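So the structure is just underneath, and the comments pick up after that.
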Amino acid sequence: MTSERTARPQPSLRTEHTERPRPSIRTDRLWDLSQPVYHDGPAWAEYEPPIIAHNYRRQAEGFNAETLTLNTHTGTHVDVPYHFDDHGHTIEQMPLTAFAAPAVFLDLRERVRAGEPIGPAELDGLLERLCDGDIAVLMTGWGARRAVSEEYLKRWPYLGGEGARLLLDRGVAGVGIDALSIGGWGGPEQGEPAHVSLLGAGKIVIEELLVPDELAGRRCFMTAFPVLLHGCGGAWTRAVAWEIEQ
3 MTSERTARPQ
13 PSLRTEHTER
23 PRPSIRTDRL
33 WDLSQPVYHD
43 GPAWAEYEPP
53 IIAHNYRRQA
63 EGFNAETLTL
73 NTHTGTHVDV
83 PYHFDDHGHT
93 IEQMPLTAFA
103 APAVFLDLRE
113 RVRAGEPIGP
123 AELDGLLERL
133 CDGDIAVLMT
143 GWGARRAVSE
153 EYLKRWPYLG
163 GEGARLLLDR
173 GVAGVGIDAL
183 SIGGWGGPEQ
193 GEPAHVSLLG
203 AGKIVIEELL
213 VPDELAGRRC
223 FMTAFPVLLH
233 GCGGAWTRAV
243 AWEIEQ
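For any residue, its number in this note's numbering is found by taking its place in the sequence shown, counting from 1, and adding 2.
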């Protein structure tokens with residue numbers, strides 16, 4: 003018997019791509035875009051913080067092993083459609099190609115304001131380099147401020163609904179942000195519009211990135227393969243930027 007969730011129509015996971023040269027990726031020039039997960043570290047304000055228990059020790063049991071307890075949307079992670087749609091694709095239903103694409107790092111650090119949405123004014127003049135199938139990475143500067151603080155956990159700049167629609171109009175494959183979430187803190191009016199627009203269109207969202215200054219304005223190849231969690235709308239990832247051979 004087919005379940006209701008798999009029987010329902012799914013949003014398209016593909017966009018129409020213009021013809022362009024396949025990027026040549028350098029394997030000797032990479033940047034780690036991931037935030038570390040550590041005991042009692044930053045997490046969404048309504049989640050329990052991460053717990054790391056070192057419950058096996060080499061000196062006692064002959065080996066070191068740890069138990070980790072944390073929400074799937076803690077640390078650098080990927081959101082997929084199921085996160086905001088009971089009938090949307092879960093992590094294991096997404097193709098691997100969804101998590102590997104050219105990325106353009108949009109430098110918004112001098113344009114954003116704490117707790118305010120990113121919209122057409124903030125994105126003005128920055129979208130011309132985006133091609134169909136790119137990942138747009140929003141550099142707000144909040145990644146460098148990561149801490150258990152009100153500024154980081156409740157006052158980050160976030161993508162508004164109008165901004166999300168602009169990025170969809172450019173044919174993006176996904177959107178990343180160097181802040182706690184693509185949506186804002188304070189309620190559904192802040193948190194839902196970007197999530198619903200992007201995930202509803204079958205795109206991925208990558209949250210809690212840490213982007214080096216030198217990538218501002220650049221195009222790289224980006225991979226953000228999530229842990230293969232079944233039935234989940236999000237999963238942790240080690241996000242990496244790869245230099246493209248010019």
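Ideal Cβ positions, reconstructed from N, Cα and C, are used throughout, including at glycine.
All values reported here derive from a predicted model rather than from experimental measurement.
Cα atoms of Leu70 and Gly189: separation of roughly 29 Å, rounded to the nearest angstrom. Note on Ile53: under 16 other CB atoms within 10 angstroms of its CB, so exposed under the neighbour-count rule. Here DSSP, grouped into helix, strand and coil, assigns Val198 to helix.
Here the C-alpha atom of Leu182 lies approximately 13 Å from the C-alpha atom of Val39.
Following the DSSP letters along the chain, one finds Pro38 in no alpha helix (DSSP H), marked with neither H nor E. Cβ atoms of Leu217 and Phe107 come within 8 Å of each other, at about 5 Å. Counting along the chain, no alpha helix (DSSP H) covers Leu129, and no H or E run does either. Ser36 sits away from Arg221, with the two beta carbons spaced by 8 Å or more. Leu211 sits in a strand when the DSSP states are folded into three classes.
Secondary-structure assignment with DSSP links Thr71 through a beta bridge to Ile53. The beta carbons of Ala237 and Thr74 sit about 6 Å from each other, so the pair counts as a contact at 8 Å. Shown here, His232 sits in coil according to DSSP, grouped into three states, outside any helix or strand. In the structure shown, Pro159 falls within a coil segment according to DSSP collapsed to helix, strand and coil.
If you draw a 10 Å sphere on the C-beta of Phe223, you find 16 or more other C-beta atoms in it, and that means buried. Thr239 is bridged by DSSP to Pro228. A contact is defined here as three or more CB-CB pairs under 8 Å, and the stretch 113-122 meets this definition with respect to the stretch 153-173.
Around Asp34, the same chain offers Val242 as residues with beta carbons nearer than 7 Å, after the five sequence neighbours per side are excluded. Excluding residues up to 5 positions away in sequence, Glu94 lie with their Cβ nearer than 6 Å to the Cβ of His232 in the same chain.
A distance below 8 Å separates the beta carbons of Ala100 and Ile206. Rounded to whole angstroms, Gly204 and Pro83 show a C-alpha spacing of 6 Å.
Here Ala45 is near Thr76, since their CB atoms are less than 8 Å apart. Taking the Cα positions, Arg147 is about 31 Å away from Leu98. Annotated three-state conformation of Leu108 is strand, per DSSP.
With contacts defined as CB atoms closer than 8 Å, Gly176 and Ile208 qualify as a contacting pair.
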